[in-house]
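One structure below.
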DNA sequence: GCTGGAAGTTACAGACCGGTAACACCCTAG
DNA sequence: CTAGGGTGTTACCGGTCTGTAACTTCCAGC
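Chains as they are written, first to last, in my numbering: chain V, 57 to 252; chain R, 57 to 252.
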């Protein structure tokens, strides 16, 4: 389990991977650097040789998350080459699948809830990554020929964000079960309106 | 002395009120009991005479929050007696107003993000209170004559939850600015469909 | 005035936190 | 073989955390 992560890769990679997993499961303030290095099969000194502080490690974890999540867009294009509308529906299915993977919400949203200091380095990274995420969804909606692409993208994204929170608070059997129906309904509704 | 904050009410009330405020602003794990009691103008022993642990204090704070938020439903009824549709629109306006009060999201959602232990006492309370919240919104939609009341209530509630998260991650100038437009659009759309 | 309970004070326990210093080790490149 | 950089080990720093013990002070009701 944890030993799967502790294969003989470079210590920095093991630390990053282990930290991502533990931050996701137990929250940022719920995990100490000692626990991370121990689970990664290394020690605190090695961590501080690769990351100048826990805060920097947090930032790197968020970036690594975003990088991994970003690959899904290429998967959509590979699955449905050129068919942007099909890719939008693939996004809906992928989002719905994420709701059932575990009871934890979006790592960035959770981090924002925990790191309340307004000038925490993670905050600007979160904002930056979330905005990039939005741009991609807006682009997909626009390329799919939706008229009010921004509004649809924002609505879908708020719905998804809300669904992840809902899973975390009332569980996967709550309102989030209706996510696909809501999202699909919105798409047909926006397709009905005139496109530019 | 600044008796403004530390008015001469009973210590238990001062602790509860102060804790609510500090948990909201700085997160639960970001605030220690020492800081709470000091800000409340009392001391740690008094806190532990009234609450058996920090966890119990957390639970009481969440319940107090819910009690305070629950009063808004009576305000809607007082504002628009009998007119359930007007009350639903009042809910939308109230929700939108909440988005601009501060950059912090829902206390229950934030608590759920921080308290990751599956059997933490706060988790069942959060679930209970969120389900009660949902029941109220479903009831309002149903009484307003909406056909698919549950679906509209769940959609509105996911949208709102997502908007609060969005404010916390990208700020109040992000997708959450469109919340009212989205919500109002949904209501007219659901009113258009036949009931029953 | 007396008394009893609530509240305040001080000190402490035991654990954990992020972060650093000093030093021993191992392994690979030259 | 040797030099050196990455790594591991141990110990430590100062601070914070939740929670408790023992004692004093205050104040309201009698």
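Here a beta-carbon is modelled for each residue, glycine too, at the ideal position from N, C-alpha and C. In this text, all values refer to a predicted model and were calculated from it rather than measured experimentally.
Q | Close beta carbons around residue 186 of chain R, own chain, < 8 Å, minus the five adjacent residues each side | A | Your numbering for residue 186 of chain R matches position 130 in the second chain. For residue 186 of chain R, where only same-chain residues beyond five positions count, the Cβ hits under 8 Å are 164.
Q. Taking just the CA atoms, how far does residue 211 of chain R sit from residue 238 of chain V?
A. Mapped onto the first chain, residue 238 of chain V falls at position 182. Mapped onto the second chain, residue 211 of chain R falls at position 155. Their backbone Cα atoms lie some 7 Å apart in a straight line.
Q | Residues of the stretch 214-233 of chain V with Cβ closer than 9 Å to any Cβ of chain R, in chain order | A | 214, 215, 216, 217, 218, 219, 220, 221, 222, 224, 225, 226, 227, 230, 231, 232 and 233
Q. Looking at chain R, which residues of the stretch 156-183 of chain V have a Cβ within less than 7 Å of any of its Cβ atoms?
A. 161, 164, 165, 166, 168, 169, 170, 172, 182 and 183
Q: Closer than 7 Å by C-beta to residue 177 of chain R: which residues in its own chain qualify, once you throw out the five before and the five after it? Chain order, please.
A: For the purposes of this step, residue 177 of chain R is taken as the residue at position 121 of the second chain. Counting only Cβ-Cβ distances below 7 Å, and skipping sequence neighbours, we find 111 and 115.
Q: Using 10 angstroms around the beta-carbon of residue 123 of chain V, count the other beta-carbons present and answer buried if the total reaches 16, otherwise exposed.
A: Taking the first chain and counting its residues from 1, the one referred to as residue 123 of chain V is at position 67. With fewer than 16 other Cβ atoms within 10 Å, it is exposed.
Q. Is the beta carbon of residue 231 of chain R less than 7 Å from the beta carbon of residue 245 of chain R?
A. Within the second chain, residue 231 of chain R is the residue found at index 175, counting from 1. Within the second chain, residue 245 of chain R is the residue found at index 189, counting from 1. In this structure, residue 245 of chain R does not lie closer than 7 Å to residue 231 of chain R by Cβ.
Q: Can you have a look at residue 83 of chain R and say buried or exposed, based on whether 16 or more other CB atoms are within 10 angstroms of its CB?
A: As a position in the second chain, residue 83 of chain R is number 27, starting the count at 1. The residue is buried, with at least 16 neighbouring Cβ atoms inside 10 Å.
Q) Would a check of beta-carbon distances place residue 61 of chain R closer than 7 Å to chain V? A) Position 5 of the second chain, counting from 1, holds the residue named residue 61 of chain R. Confidence at residue 61 of chain R is low in this model, with a pLDDT of 44, below 50, so the placement of that residue is unreliable and no value is reported for it.
Q) How about residue 80 of chain R: is its C-beta nearer than 7 Å to some C-beta of chain V? A) Indexing the second chain from 1 puts residue 80 of chain R at position 24. With 7 Å as the cut-off, residue 80 of chain R does not count as an interface residue toward chain V.
Q. Under 7 Å between C-beta atoms, does residue 150 of chain R make it to chain V?
A. Residue mapping note: residue 150 of chain R aligns to position 94 of the second chain, counting from 1. So, not an interface residue.
Q) What residues from chain R crowd round residue 245 of chain V, counting only those whose CB sits closer than 9 Å? A) Mapped onto the first chain, residue 245 of chain V falls at position 189. The answer, in chain order, is 241 and 245.
Q: Show which residues of chain V have a CB atom less than 8 Å away from the CB atom of residue 190 of chain R.
A: Here the question's residue 190 of chain R lines up with position 134 in the second chain. Simply 226, 230 and 231.
Q) Is the Cβ-Cβ distance between residue 196 of chain V and residue 144 of chain V less than 7 Å? A) Locating residue 196 of chain V in the first chain gives position 140, counting from the first residue. Locating residue 144 of chain V in the first chain gives position 88, counting from the first residue. Result yes, Cβ atoms of residue 196 of chain V and residue 144 of chain V sit closer than 7 Å.
Q) Does residue 121 of chain R get closer than 7 Å to chain V when you measure Cβ to Cβ? A) Against the second chain, residue 121 of chain R aligns to sequence position 65. It does not: the Cβ of residue 121 of chain R has no partner Cβ on chain V nearer than 7 Å.
Q. Taking Cβ-Cβ distances shorter than 7 Å, what residues in chain R pair up with residue 102 of chain V?
A. Numbered from its first residue, the first chain carries residue 102 of chain V at position 46. Per Cβ cutoff of 7 Å: no residues; residue 102 of chain V is ~26 Å from chain R at best.
Q: Please work out which residues of its chain come closer than 8 Å, Cβ to Cβ, to residue 119 of chain V, disregarding the five sequence neighbours upstream and downstream, and give them in chain order.
A: The residue you call residue 119 of chain V lines up with position 63 of the first chain. Hits under 8 Å: 181 and 185.
Q. If you check the beta carbons only, do residue 235 of chain R and residue 167 of chain R fall under 7 Å apart?
A. Walking along the second chain from the start, residue 235 of chain R turns up at place 179. Walking along the second chain from the start, residue 167 of chain R turns up at place 111. No.
(Q) Here's the rule I'm using: 16 or more other beta-carbon atoms within 10 Å means buried, otherwise exposed. How should residue 101 of chain R be labelled? (A) Looking up residue 101 of chain R in the second chain gives position 45. Residue 101 of chain R is exposed by the Cβ-count criterion.
Q.
Given a cut-off of 7 Å on the beta-carbon distance, is the pair residue 78 of chain V and residue 89 of chain V in contact?
A. Within the first chain, numbered from 1, the residue matching residue 78 of chain V stands at position 22. Within the first chain, numbered from 1, the residue matching residue 89 of chain V stands at position 33. No.
Q | Every unbroken alpha helix (DSSP H) within the stretch 168-236 of chain R, with a cutoff of 4 residues, ordered by chain | A | 177-199 and 205-226
Q | Assigned secondary structure, residue 137 of chain V (DSSP; H/G/I helix, E/B strand, else coil) | A | Counted from its first residue, the first chain places residue 137 of chain V at position 81. Coil at residue 137 of chain V, not helix or strand.
Q. Nearest to residue 126 of chain V by alpha carbon, out of V:173, V:96 and V:192?
A. Sequence index remark: in the first chain, residue 126 of chain V carries index 70 (1-based). Residue 126 of chain V has its Cα closest to that of V:192, out of V:173, V:96 and V:192.
Q.
Among the candidates V:128, V:66, V:140 and V:248, whose CA atom is the shortest distance from the CA of residue 106 of chain V?
A. Here residue 106 of chain V is taken as the residue at index 50 of the first chain, counted from 1. Measuring from the Cα of residue 106 of chain V, the nearest candidate turns out to be V:66.
Q: Buried or exposed for residue 188 of chain R, please, with buried defined as at least 16 other CB atoms from any protein chain shown within 10 angstroms of its CB.
A: Mapped onto the second chain, residue 188 of chain R falls at position 132. Answer is exposed; the Cβ neighbour count stays below 16.
Q) By how many angstroms is the C-alpha of residue 206 of chain R removed from the C-alpha of residue 135 of chain V? A) Along the first chain, read from residue 1 onward, the residue named residue 135 of chain V stands at position 79. Along the second chain, read from residue 1 onward, the residue named residue 206 of chain R stands at position 150. The straight-line gap from Cα to Cα measures roughly 34 Å.
Q | Contacts that residue 187 of chain R makes with chain V (C-beta to C-beta distance below 8 Å) | A | Counting from 1 along the second chain, the entry for residue 187 of chain R is found at position 131. Under the 8 Å cutoff, chain V gives 226 and 230.
Q.
Can you check whether the C-beta of residue 111 of chain R is within less than 7 Å of a C-beta belonging to chain V?
A. Mapped onto the second chain, residue 111 of chain R falls at position 55. With 7 Å as the cut-off, residue 111 of chain R does not count as an interface residue toward chain V.
Q | Spatial distance of residue 170 of chain R from residue 198 of chain R (CA atoms) | A | Numbered from its first residue, the second chain carries residue 170 of chain R at position 114. Numbered from its first residue, the second chain carries residue 198 of chain R at position 142. Using only the alpha carbons, I get a separation of about 34 Å.
Q.
Please confirm whether residue 90 of chain R has its beta-carbon closer than 7 Å to some beta-carbon of chain V.
A. Within the second chain, residue 90 of chain R is the residue found at index 34, counting from 1. No, no contact with chain V.
Q: Give the DSSP-derived three-state secondary structure of residue 158 of chain R in the structure shown.
A: The residue labelled residue 158 of chain R in the question sits at position 102 within the second chain. DSSP places residue 158 of chain R in coil when its eight states are reduced to three.
Q: Return the residue from the list V:154, V:108, V:92 and V:75 that minimises the CA-CA distance to residue 220 of chain V.
A: Counted from its first residue, the first chain places residue 220 of chain V at position 164. Ranking V:154, V:108, V:92 and V:75 by Cα distance to residue 220 of chain V puts V:154 first.
(Q) Whole angstroms are fine: how far does the CA of residue 179 of chain R sit from the CA of residue 109 of chain R? (A) In the second chain, counting from the first residue as 1, residue 109 of chain R sits at position 53. In the second chain, counting from the first residue as 1, residue 179 of chain R sits at position 123. The straight-line gap from Cα to Cα measures roughly 16 Å.
Q. Nearest to residue 228 of chain R by CA position, among V:175, V:183 and V:249, is which residue?
A. By one-based count along the second chain, residue 228 of chain R stands at place 172. With distances taken between Cα atoms, residue 228 of chain R lies closest to V:183.
Q: Spell out whether any CB of chain R is found under 7 Å from the CB atom of residue 140 of chain V.
A: Locating residue 140 of chain V in the first chain gives position 84, where the first residue counts as 1. No, residue 140 of chain V does not count as interfacial toward chain R.
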